[in-house]
Amino acid sequence: MAMIDIDRLTEAELIGINNRIVERLRFLSQMRAHSKMLEFKIGDHVSFWPEGRAPVSGILTRYNKKTVTVITDDGERWNVAPALLRKAPAAKGSGPRKHNVIRLPGK
């Protein structure tokens, strides 16, 4: 790896390098989130533990850029980082109709 003497760089060069570093770090974070998302499918029953609250479980309903949307067993909507999710057993007596999740055939 090449060493860069940042003491010799101009302010504009430092800002340029900083912008590229931030962009690369965001990309790596998005790749990790996407990789984790692939462990789950739409319709999976998942759980997570929000800070300061009891564990929450529900159905994964949507993939977002950095999060997934979960509709809880109580009907709340949460956007959750995929790294916080765990697969959970389906709630007793639950089925696709209870959560209004309908699996559509693939094209």
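With the working numbering, you'll find the sequence shown wraps up at 94, consecutive numbering, no jumps.
Where a beta carbon is used, it is the ideal one built from N, C-alpha and C, also for glycine.
None of these values were measured; they are calculated from a predicted model.
Buried or exposed by the 16-neighbour rule on C-beta atoms within 10 Å, applied to residue i
i	result
PHE35	buried
ASP(-8)	exposed
ILE2	exposed
ASP60	buried
LEU47	buried
LEU72	buried
PRO92	exposed
PRO69	buried
Reduced DSSP secondary structure (H/G/I, E/B, other) of residue i
i	result
ILE(-9)	coil
GLY39	coil
LYS53	coil
LEU47	strand
ILE29	coil
Pick from the options that is closest to residue i, judged by C-alpha positions
i	options	result
LYS74	ASN51, GLY62 and MET24	MET24
SER44	GLY93, ILE4, HIS32 and SER22	HIS32
TYR50	LYS28, PRO76 and SER16	LYS28
GLU38	VAL67, ARG19, ALA20 and GLN17	VAL67
Straight-line Cα distance separating residue j from residue i
i	j	result
GLU(-2)	ALA(-11)	20 Å
ARG7	ARG13	10 Å
VAL57	SER22	18 Å
ALA41	VAL55	19 Å
ARG11	ASP(-6)	22 Å
TRP65	GLU0	41 Å
PRO76	LYS53	24 Å
Residue i Cβ short of 8 Å to the ligand FAD heavy atom set
i	result
LEU25	Looking for the ligand FAD in the displayed structure turns up nothing, as the structure carries no ligands at all.
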